[in-house]
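Peer 1:
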Amino acid sequence: MTVYTDPGQYPPTPDSVVTIGAYDGVHLGHRVILDRIVALARARSAPSVVLSFHPHPRLVVGPQEGGLELLTTTEEKTQRLAAAGIDRLVLYPFTAAFSETDSDTFIRKVLVEELQARTVVVGYDHRFGRGRGGGLDELRKGGQRYGFEVEEIPPQAIDDAKVSSTRIRQALQGGQLAEANRLLGYPYSLTGTVVQGKQLGRTLGYPTANLVPVDPHKLVPALGIYAVQCTTAAGAVYPGLLSIGTNPTVSSGATRTIEAFLIGFSGDLYGQPLTVALVAYLRPEARFDSLEALRAQMDADRAAAEQLFARL
-6 MTVYTDPGQY PPTPDSVVTI GAYDGVHLGH RVILDRIVAL ARARSAPSVV LSFHPHPRLV
54 VGPQEGGLEL LTTTEEKTQR LAAAGIDRLV LYPFTAAFSE TDSDTFIRKV LVEELQARTV
114 VVGYDHRFGR GRGGGLDELR KGGQRYGFEV EEIPPQAIDD AKVSSTRIRQ ALQGGQLAEA
174 NRLLGYPYSL TGTVVQGKQL GRTLGYPTAN LVPVDPHKLV PALGIYAVQC TTAAGAVYPG
234 LLSIGTNPTV SSGATRTIEA FLIGFSGDLY GQPLTVALVA YLRPEARFDS LEALRAQMDA
294 DRAAAEQLFA RL
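For the sequence shown, position 96 matches number 89 in our numbering, and the numbering has no gaps at all.
Structure (structure tokens):
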């Protein structure tokens, strides 16, 4: 997959099959749209194109609305779109000036002149243009005017639950990891840089890697203990435990930490990236009366994780 961050570098290509959107999470609902544009593009020997935006529009037009929590970083989204078979990803520069582009101008300038779309495939609720004023009606009128087709993909549901990035965020924030992973179609992951911690875990026999997320806008799931698969910068994979919490047994503060224990690993990870894929939510965070009780619970958590991975 080729990634374009400057629309001026996009090669003239008639008949592109295009979809538009943030595609945060690249979840199962997104995959229906992506599979459709890939199939259409291959049938026509044309490129399949995802038009997305960088930075995220919320960072430009809505920062006052609260913190942005993304399911995928730009790098993660790029990797998942490539794995879905997309030929081209256009990360259109999103600026305050561009946010004022009305829907008609967006259709003419971006879809027709720059991307030369022959077919545009979008979800049933897609909005675009200034103030999100454009939708399917505007796209269809633009298609009639400029000669491209518009195809709508209806909402996708699993067990009667609509698949959406919002629903997945809510599940992760509520400790419903299994539900989130089911809607994503893969285990949710976090990548962080390993930094120096208080090293209390070493005294308990559980040395942990303290993580600072590489993207401050990446959603950190609910507090608790998780079974995870850890991938080091060298590409080695280890089963492990992840603690997201405030360490209530040994700390009275409210500072959240993210700590990974890699089962079977020995070595130094400081300053390196570490990716943890969250496989199962084991239990909520808890305060224990003593370090001995905490160590006993960690032993139980490790045993539960090892049993889980033995079944996979």
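All C-beta atoms in this analysis are idealised placements derived from N, C-alpha and C, irrespective of residue type, glycine included.
#1: Measure the CB-CB distance between V272 and S182 and report whether it falls below 8 Å.
#2: To the nearest whole angstrom, what separates the beta carbons of P40 and R73, a pair I think is in contact under 8 Å?
#3: To test your reading of the DSSP string, which unbroken alpha helix (DSSP H) runs of 4 or more residues are found completely within the segment 184 to 227?
#4: Just tell me which of V10, L21 and G18 has its CA closest to the CA of R37.
#5: What do you reckon, is the C-beta of D282 under 7 Å from a heavy atom of the ligand SAH?
#6: Please report the distance separating the alpha-carbon of K211 from that of R101.
#7: Any idea if D118 is buried or exposed, counting beta-carbon neighbours within 10 angstroms, 16 or more meaning buried?
#8: Classify A296: buried if its beta carbon has 16 or more other beta carbons within 10 angstroms, exposed otherwise.
#9: If you draw a straight line from the alpha carbon of P86 to that of Q189, how long is it in whole angstroms?
#10: With a 10 Å radius around its C-beta and 16 neighbouring C-beta atoms as the bar for buried, classify Y219 as buried or exposed.
#11: To which residues of the same chain is F302 closer than 6 Å at the C-beta, ignoring the five residues directly before and after it?
#12: Between the alpha carbons of R133 and L104, how many angstroms are there, rounded?
#13: Assess contact between the segment 110 to 130 and the segment 8 to 27, defined as three or more Cβ pairs (one per stretch) separated by less than 8 Å. Is contact present?
#14: Between which two residues does the alpha helix (DSSP H) containing H23 stretch?
#15: Find out if the Cβ-Cβ distance for the pair R51, L64 is shorter than 8 Å.
#16: Using the Cβ count rule (16 or more neighbours within 10 Å means buried), how would you classify A293?
#17: So V25 and I146 are supposed to be a Cβ contact under 8 Å. How far apart are they, rounded?
#18: Nearest-angstrom Cα distance between R304 and G198?
#19: Considering only the alpha carbon of each residue, which of S283, G124, V83 and G126 lies closest to D(-1)?
#20: What number of angstroms, rounded off, separates the C-alpha of S236 from the C-alpha of I79?
#21: Nearest to E285 by CA position, among Y274, R249, G257 and V243, is which residue?
#22: Would you tell me roughly how many angstroms separate the C-alpha atoms of G136 and S96, rounded to the nearest one?
Peer 2: If we stick to the structure as given:
#1: no
#2: Their Cβ separation, rounded to whole angstroms, is 18 Å, which puts P40 and R73 out of contact at 8 Å.
#3: For the segment 184 to 227, whole alpha helix (DSSP H) runs of length 4 or above, ordered along the chain, are 193 to 196.
#4: V10
#5: In terms of ligand content, the structure shown is empty, and the ligand SAH therefore cannot be addressed.
#6: 33 Å
#7: exposed
#8: exposed
#9: When rounded, the distance between both Cα atoms is 36 Å.
#10: buried
#11: Here F302 has P232 as same chain residues with Cβ atoms under 6 Å from its own Cβ, once five neighbours each way along the sequence are excluded.
#12: 13 Å
#13: As far as the Cβ criterion goes, the segment 110 to 130 touches the segment 8 to 27, which means the pair count is three or higher.
#14: L21 to R37
#15: Against a cut-off of 8 Å, the Cβ pair of L64 and R51 comes out as no contact.
#16: exposed
#17: 6 Å
#18: 25 Å
#19: V83
#20: 35 Å
#21: V243
#22: 13 Å
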